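Chains as they are written, first to last, in the working numbering: chain Y, 6 to 356; chain R, -14 to 218.
Even glycine gets a Cβ: it sits at the ideal position worked out from N, Cα and C.
The structure displayed is predicted, hence computed values, not measured ones.
Below is one structure, written out as structure tokens; comments come after it.
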Amino acid sequence: MTSTNQSRRRPFLRRAVLGGLMTALPMLLVCIAIIATGEQWMVRLAYAGVVAVVVVVGLQIQMGNSGGVSFSHTVFVAIGAYAVAILSVPVQMKKLIIPNAPFGLADLSLSPAAAVLVALLIVAVLAVITGLVIVRVSGIAADILTLCLQIIAHSVFMYWTSLFRGSQAFFGIPQFMTLPAALAVAMAVIIGARIFRDSPWGVQLRASSENLLAARCFAVNVTRLRLLAWILSALACSIGGMIFAFYIGTINAQSFYFPYVFLTVAMLILGGMNSVSGAVVGVLIISIGIELIRNLENGPVLFGIELPTLYGLSGLALGAVIILGMVLRPAGIMGTREFDDILFPRRPETE
Amino acid sequence: MLSISNLVVAYGPVLAVRGLSLEVFKGEAVALIGPNGAGKTSTIMALAGLVPARGDILFDSAPINSLSTEDRVRLGIALCPEGRRVFVGLTVLENLVLGAASQPDRSRRKQDIDYCFDLFPRLAERRDQVAGTLSGGEQQMLAIARALMSRPRFLILDEPSLGLAPRIIEVIFEHIAKLKASGMTILLVEQNVGKALAIADRAYVLASGSLRATGKASDLAADPETISAYLGG
């Protein structure tokens, strides 16, 4: 009885969860194939891809529902990574890397689980503070604000050396994550993003980005919904940073800066920012594409012809793919559709 | 039901509405007419809380100046904005469901949707169609139906005839007449003076942000001098 009531009250939930599993499927299949090969270097690449899925899906929660571009999502990736790093590195190691850490952090070491919880709390607080400013602004001004936020955060990482080690790497983070564990995290994030997108809140928010005035006429509280999307997006992105830190063990502020910002934004725009499946498709295409092209850079022998070495080709090709994608499919490969919309067209809820 | 006194709406140094006072009683249809730039849309945007305004706005004898748009919708004021503004990527049904964003009680929603489909059978036929593929007239019907989903007691229609063919305008006004007959209080903003005066009980004529004439709609319609002086027709 309870379950029928539940599904009647939230008819979108079943669809969002099952659809979310379908959205995650391509990522899952590629990773399982890679694990089956047993090649460690491929597993490491796949892991970076799964981290990118978490980050780009996190970005999609913001861009796909509220509209506009965000350049600050990797700030939360970095905060997530640094927060778990600072909280979970063993005390002896801290004496070596951040001996003068403020707030007594040099003498504190939490278990990874506790570190994750505290880190999520920190991210949520910072997301609320930044969000309160950003959600009140629309259009290009909001995009520029996120750009400023990125630059401010990077300066803090670079110059608060007693806590973040500036331009030096932060190492000694416990490395316990595996590819299957990261896949489970990514699937949870994907399903979470789908639930938000399909929920009445998500629909109202997407409607408001299509037509702000009309949405406000129907009592849609746009500011509150935008803030919610901003916080959820920040949390998802920070989770990407955390699973990255717990796998690689060493982080550096530079790796979360503009090149990573543009790479992840390009992945989302190519795949289609209005759908979670688009985020996954964009990551897959660009990650695999870059690896293939990177091989070409070294001047391999193809069909008996020795190709010249062409360093920088992957950057060039990335740009070309995005230009082609934008010209041929301006709304991205998936447009506004999810995988399940193609296979099982949606019948609008009749209630 | 609604009483406005000394309403002033300013965009920077530009005064769009200069001290307008008007009243709408329960069950009435009142037309707000005037040429382009008269301040009609600014007036109703201020009513809906979408632009800042000075002056007193009373709804059911209580001041609503400080309320947000959302709270005004919950009180029963619905604005059907100019240019229809349906959500083109969503289906007819989804548009209607969005119109009920202020109604947490989902059990009444089906009833409300059925009511809208009774009123606009054309929409019922196209319930699963994406709103962007509807004709202009159908989009206007959808915009009105969507406004009704918030269960308003006071409906503001901004230029429902805008950009529609004369034959379609006839149909839309028949629907508005039906709504009025059902007891809905309506404030109708129109440039189509003939149509507006034919349906309204009373009318206010606005020009350059100020009130120029007011009276029974039938009297105004019979007074070609006022009409031509302020409305150029």
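Secondary structure of residue i, DSSP reduced to three states
| i | result |
| --- | --- |
| Y/ALA325 | helix |
| Y/GLU44 | coil |
| Y/TYR265 | helix |
| R/PRO209 | helix |
| Y/PHE201 | helix |
| Y/ILE338 | coil |
| Y/TYR316 | coil |
| Y/GLY177 | coil |
| R/LEU133 | helix |
| R/PRO106 | helix |
| R/ALA192 | strand |
| Y/THR28 | helix |
| R/ASP99 | helix |
| R/VAL36 | coil |
| R/PHE44 | strand |
| Y/GLU343 | coil |
| R/GLU13 | coil |
| Y/LEU113 | coil |
| Y/VAL94 | coil |
| R/GLU67 | coil |
| Y/THR7 | Reliability fails at Y/THR7, whose pLDDT of 39 lies under 50, so the model's placement of it is uncertain and the value that follows must be treated cautiously. In the structure shown, Y/THR7 sits in a helix (DSSP, three-state: H, G or I). |
| Y/LEU306 | According to the sequence as given, residue 306 of chain Y is Val; it is not Leu. DSSP places Y/VAL306 in strand when its eight states are reduced to three. |
| Y/VAL363 | Given that chain Y is displayed from residue 6 to residue 356, the structure contains no residue 363 of chain Y and the question cannot be resolved. |
Own chain partners of residue i with C-beta closer than 6 angstroms, once the 5 adjacent residues on each side are dropped
| i | result |
| --- | --- |
| R/ASP41 | SER(-10) |
| Y/PHE162 | PHE169 and ALA258 |
| Y/VAL60 | VAL82, CYS242, GLY245 and THR269 |
| R/LEU142 | CYS65 and LEU173 |
| Y/ILE338 | GLY276, GLY277 and VAL286 |
| Y/LEU33 | none |
| Y/ILE295 | SER319 |
| R/VAL71 | ASN80, ALA116, GLN124, LEU127 and ALA128 |
| Y/VAL22 | ILE196 |
Residues near residue i in its chain [Cβ-Cβ closer than 7 angstroms; skip 5 each side]
| i | result |
| --- | --- |
| R/ALA185 | ALA14, VAL15, ALA16, LEU173 and ALA202 |
| Y/VAL121 | VAL89 and MET247 |
| Y/GLY72 | SER214 |
| R/VAL9 | MET(-14), LEU(-13), VAL15, THR170 and LEU172 |
| Y/ALA239 | PHE81, VAL128 and ALA132 |
| Y/ILE293 | none |
| Y/VAL140 | THR228, ARG231, LEU232 and TRP235 |
Rounded Cβ spacing between residue i and residue j (contact assumed at less than 8 angstroms)
| i | j | result |
| --- | --- | --- |
| Y/LEU323 | Y/LEU301 | Not quite, the Cβ-Cβ distance comes to about 13 angstroms (not below 8 angstroms), so this is no contact. |
| Y/ALA234 | Y/VAL225 | Y/ALA234 to Y/VAL225, Cβ: 13 angstroms. No contact. |
| R/PRO137 | R/ILE62 | 6 angstroms |
| Y/ALA106 | Y/LYS99 | 7 angstroms |
| Y/GLY254 | Y/ILE178 | 5 angstroms |
| R/SER87 | R/ARG59 | 5 angstroms |
| R/ASN177 | R/ILE157 | That belief does not hold up - the Cβ atoms of R/ASN177 and R/ILE157 are roughly 10 angstroms apart, past 8 angstroms. |
| Y/PHE175 | Y/TYR87 | 7 angstroms |
| R/GLY24 | R/VAL73 | Not really, about 29 angstroms apart at Cβ, beyond 8 angstroms. |
| Y/VAL281 | Y/GLN65 | 6 angstroms |
Interface residues of chain R facing residue i [CB-CB closer than 8 angstroms]
| i | result |
| --- | --- |
| Y/LEU218 | LEU35, PRO66 and ARG70 |
| Y/ALA212 | PHE72, LEU75 and LEU83 |
| Y/GLU302 | Neighbours of Y/GLU302 on chain R: none; closest Cβ ~41 angstroms, over 8 angstroms. |
| Y/GLU296 | Within chain R, no residue comes near Y/GLU296; the closest Cβ sits about 35 angstroms away, beyond 8 angstroms. |
Endpoints, the beta strand (DSSP E) within which residue i is located
| i | result |
| --- | --- |
| R/THR28 | Not the beta strand (DSSP E): R/THR28 falls in the alpha helix (DSSP H), residues 25 to 33. |
| R/SER(-12) | -13 to -4 |
| R/LYS201 | 195 to 201 |
| R/THR76 | Looking at the DSSP string, R/THR76 is not in any beta strand (DSSP E), and its letter there is neither H nor E. |
| R/ARG3 | -1 to 9 |
| R/GLU175 | 170 to 175 |
Interface residues of chain Y facing residue i [CB-CB closer than 8 angstroms]
| i | result |
| --- | --- |
| R/VAL(-6) | The contacting residues do not exist; R/VAL(-6) stays about 16 angstroms from chain Y at best. |
| R/SER257 | Nothing can be reported for residue 257 of chain R: it is not among the residues displayed for chain R, which extend from -14 to 218. |
Chain-ordered neighbours of residue i on chain R, where CB pairs are closer than 9 angstroms
| i | result |
| --- | --- |
| Y/GLN209 | LEU83 and ALA86 |
Cutoff 8 angstroms; reference residue i; Cβ partners in own chain excluding five residues on either side
| i | result |
| --- | --- |
| Y/ARG138 | Per the sequence shown, residue 138 of chain Y should be read as Val rather than Arg. Closer than 8 angstroms at the Cβ level, and outside the excluded window around Y/VAL138, lie LEU150. |
| R/THR211 | VAL190, ARG197, ALA198 and LEU205 |
Chain R contact residues for residue i, given Cβ-Cβ distances below 7 angstroms
| i | result |
| --- | --- |
| Y/GLU343 | What Y/GLU343 touches in chain R: nothing, since even the nearest Cβ is about 14 angstroms away. |
Opening and closing residue of the alpha helix (DSSP H) in which residue i lies
| i | result |
| --- | --- |
| R/GLU144 | It is not in any alpha helix (DSSP H) - R/GLU144 carries neither H nor E in the DSSP assignment. |
| Y/ALA220 | 217 to 222 |
| Y/VAL161 | 144 to 164 |
| R/GLU55 | 54 to 60 |
| Y/ASN257 | Careful: Y/ASN257 lies outside any alpha helix (DSSP H) and carries neither H nor E. |
| Y/ALA103 | This sequence places Ile at residue 103 of chain Y; Ala is not what is there. Counting along the chain, Y/ILE103 falls outside any alpha helix (DSSP H), and DSSP gives it neither H nor E. |
| R/GLY179 | 178 to 184 |
Proximal chain Y residues relative to residue i, where beta-carbon distance stays under 7 angstroms
| i | result |
| --- | --- |
| R/GLU55 | ALA224 and ASN226 |
Chain Y contact residues for residue i, given Cβ-Cβ distances below 9 angstroms
| i | result |
| --- | --- |
| R/ARG59 | ALA224 |
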